[in-house]
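Going line by line, the protein sequences match chains A and B.
My numbering applies: residue 37 is where the first sequence begins, and numbers increase by one.
My numbering applies: residue 1266 is where the second sequence begins, and numbers increase by one.
For each residue, glycine too, the CB sits at the ideal point set by N, CA and C.
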Amino acid sequence: MKVKLRIWRQKNSQSKGKFEVYELNDVAPDMSFLEMLDSLNQRLVKEGKSPVAFDHDCREGICGSCGIYINGRPHGNDHRTTTCELRMRRFKDGETITVEPWRAAAFPVVKDLVVDRSAFDKIIQAGGYISVNAGAAQDANSIPVPKHNADVAFDTASCIGCGACVAACKNASAMLFVAAKITHLAQFPQGRVEAPERVKRMVAKMDELGFGSCTNTRACEAECPKGISISTIAKLNREYITAKLKD
Amino acid sequence: MIEIFSSSIGKKLIMSITGLFLMLFLLVHLTVNMLLLVGDGEVFNRAASFMATNPAIKIIEPLLAIGFVFHIFYATIITLKNRRTRPVGYSTTSSNGLSTWSSKNMYILGGTILIFLVIHLANFFWKLKFGTVEPITYGNETMANTYALVSGLFISYWWYDVLYVIGAIFLGLHLSHGFWAAFQTLGWNGTKWLKRLETIAYVYAAIIGTGFSIIPLYFLLFK
């Protein structure tokens, strides 16, 4: 199949980027989006041009490295997929595909489609962990955790920190990411000990880094490749309000 | 504790609490207004007079004004801050199939409602409070003929009827998102409640939107 790519090219964080158009005539429908970009890059290298920079690692939808805004949606127009899992058969033959980096003040563009998502790391460093020394794995059920809590923790732990929620949000809010982490850690007895401090520190860091507030448009939930629900944001609000009320 | 309101969640909390208070007010307002459709206006006049002279209302009225001011002020603060979070926008955006138009345009909807509110206050509240409204006597009770004021406006000027219907539709759209979002911001939501609250929000918004539309349309078409 043939595709026409409109790709955002930007030399570095200081330079002003612009769209450039590339045409590919031999795209296999079963290629992933990143494989398609690989083939474009091979051509660009052969032509002595600079290849398109993009983040990628596992290429099986679990590392959270890849993340491209494709045809007006984070990770493209497919349900619960990361960019690496998106297949070219999802596009029409001859289609023009617009390829942009995540856009957010907190995620500055490094080069082309690569953005600096270390803001997420800073939020995690602010409190997204459990300080107790857990030691070796305990016997099963020595610390009872209700089934519901275990399920919620598992669902929210599936957040890969790709940043699609921020990219999709009209306010570039990181609420879904923070909510997933808060909800995940708050489910267990070990995590409850520092839960009030954790939520206060992580929310303060999120605000400080220039993410917006939540308008409940549900765009994050719609675009999350792991299908994390905005009900976690309600949980985050609850945790935060109760922690602050106790101050 | 008070510094909660300097955080992004705290500011949204103000929007939520004031929003819920204003929504409660709208329900009371609509209930009284529906009496406009009953009989020759005596029931409505008596209800309006009860509201105007009730000491509880004297306390709630300034609270309501504060509610409006905070809701509008914080909406502006939040919107201005959120506008700065994406200095370079996307060249293309497409629908995700889940976000409603109202949810993405709450500030614009709110601004339109504010314009309507100013006209609405000038039409009725200002005249009742500071102007002269013809009195009417029922038995040995004399009160302001609020019914005549309302019906007069809606019967004489068709464009006011259109304006009020548009205002009610915009308000309905604002509430269809605002209602459930208020509970979400308060933290009262979950996977089960999300669907329920959304349904209640649509029902509530439909009641308020159609309820306030029926009144001008009734005077335009049947009086």
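For A/A140, the residue or residues it bridges with in DSSP: Beta-bridge annotation (DSSP): A/A140 is paired with A/F143.
B/V1376 (DSSP reduced to helix, strand or coil): In the sequence as presented, Val is not what sits at residue 1376 of chain B; that position holds Gly. DSSP places B/G1376 in helix when its eight states are reduced to three.
Option in A/F90, A/L272, A/R139, A/Y276 with minimal Cα separation from A/A203: Closest by alpha carbon: A/R139.
B/S1416 versus B/F1484 - alpha carbon distance: Spanning the two alpha carbons is a distance of roughly 7 Å.
For B/N1310, the nearest candidate out of B/F1290, B/Y1403, B/H1294, B/I1331 (CA to CA): For the options B/F1290, B/Y1403, B/H1294, B/I1331, the alpha carbon positioned closest to that of B/N1310 is the one of B/Y1403.
A/S51 Cβ short of 7 Å to the ligand SAM heavy atom set: Ligands are entirely absent from the displayed structure, and the ligand SAM is therefore not among its contents.
A/K47 - DSSP class collapsed to helix/strand/coil: The three-state reading of DSSP puts A/K47 in coil, since its state is none of H, G, I, E or B.
For A/G53 and A/V151, believed in contact at Cβ under 8 Å, the rounded distance: About 12 Å; that fails the 8 Å criterion.
Under 7 Å from the C-beta of B/Y1412: neighbouring residues of chain A: Using a Cβ-Cβ cut-off of 7 Å, B/Y1412 is close to nothing in chain A; its nearest Cβ partner there is about 40 Å away.
DSSP three-state assignment for B/I1282, whether helix, strand or coil: Three-state DSSP puts B/I1282 in a helix.
Chain B residues whose Cβ lies nearer than 8 Å to that of A/D18: Residue numbering for chain A in the displayed model covers 37 to 283; residue 18 of chain A lies beyond these limits and cannot be assessed.
Sufficient close CB pairs (3 or more, under 8 Å) joining the region 250 to 263 of chain A to the region 1357 to 1367 of chain B: Yes, since at least three Cβ pairs between the region 250 to 263 of chain A and the region 1357 to 1367 of chain B fall closer than 8 Å, the two stretches touch.
Classification of B/E1463 by the beta-carbon crowding that lies within 10 angstroms, buried from 16 upward: Buried is the call here.
Test: B/S1359 CB closer than 8 Å to a CB of chain A: Yes, contact with chain A.
A/F55 - partner residues in DSSP beta bridges: A/W44, per the DSSP bridge assignment.
Opposing strand residues paired with A/E131 [DSSP bridges]: DSSP lists A/V39 as partners of A/E131.
Beta-carbon separation (whole angstroms), A/L76 vs A/L122, contact threshold 8 Å: Contact between A/L76 and A/L122 is absent: CB atoms are separated by about 15 Å, not below the 8 Å threshold.
Exposed unless 16 or more other CB atoms sit within 10 angstroms - verdict on A/H274: The amino acid occupying residue 274 of chain A in the given sequence is Arg; His does not appear at that position. Buried is the call here.
Listed by chain order, chain E residues near B/K1346 by CB distance under 9 Å: In the displayed structure, chain E is absent; the protein chains listed are A and B.
Sub-8 Å separation of A/A208 and B/R1351 beta-carbons: In terms of Cβ geometry, A/A208 and B/R1351 form a close pair [threshold 8 Å].
Residue burial classification, A/I43 (beta-carbon count within 10 angstroms, cutoff 16): When all chains shown are included, A/I43 counts as buried.
Beta carbon proximity, A/A222 to chain B, threshold 8 Å: A/A222 does not count as touching chain B.
Coil, strand or helix - A/M67 by DSSP: A/M67 falls in the coil class under three-state DSSP.
Residue-level contact to chain B via CB, A/Y165, 8 Å cutoff: No, no contact with chain B.
Identity of the residues DSSP links to A/S209 by a beta bridge: DSSP lists A/G248 as the bridge partner or partners of A/S209.
Given 8 Å, three or more beta-carbon pairs between the region 163 to 171 of chain A and the region 228 to 244 of chain A: Verdict: yes, contact present.
Bounding residues of the alpha helix (DSSP H) (the contiguous stretch that carries B/E1326): According to the DSSP assignment, B/E1326 belongs to the alpha helix (DSSP H) that extends over 1320 to 1348.
Residue of B/G1396, B/G1432, B/F1395 minimising C-alpha distance to B/I1384: Distance check between B/I1384 and each of B/G1396, B/G1432, B/F1395 places B/G1432 closest, using alpha-carbon atoms only.
Within 8 Å, strictly: CB atoms of A/D148 and A/V88: Yes. Within cutoff.
Rounded straight-line distance, which links the Cα of B/G1375 to that of B/F1435: In a straight line, the C-alpha of B/F1435 is about 8 Å away from that of B/G1375.
Reference A/D243, options A/I159, A/G112, A/M67, A/I98, closest by Cα: Answer by Cα proximity: A/I159.
Contacting residues, own chain, Cβ-Cβ under 8 Å from A/F69 (five flanking each side not counted): Excluding positions up to five away in sequence, the list reads I104, I106, G112, T119, C120, L122, R123, M124.
Beta-carbon contacts of B/S1314 that lie in its chain and below 6 Å, excluding the five residues immediately before and after: Same-chain partners within the cutoff: M1408.
Buried/exposed call for B/W1445, threshold 16 Cβ in 10 Å: Around the beta-carbon of B/W1445, 16 or more other beta-carbon atoms lie within 10 Å, marking it buried.
B/Y1422 - DSSP class collapsed to helix/strand/coil: Annotated three-state conformation of B/Y1422 is coil, per DSSP.
For A/F247 and A/A142, the rounded distance between their alpha carbons: Roughly 6 Å between the two C-alpha positions.
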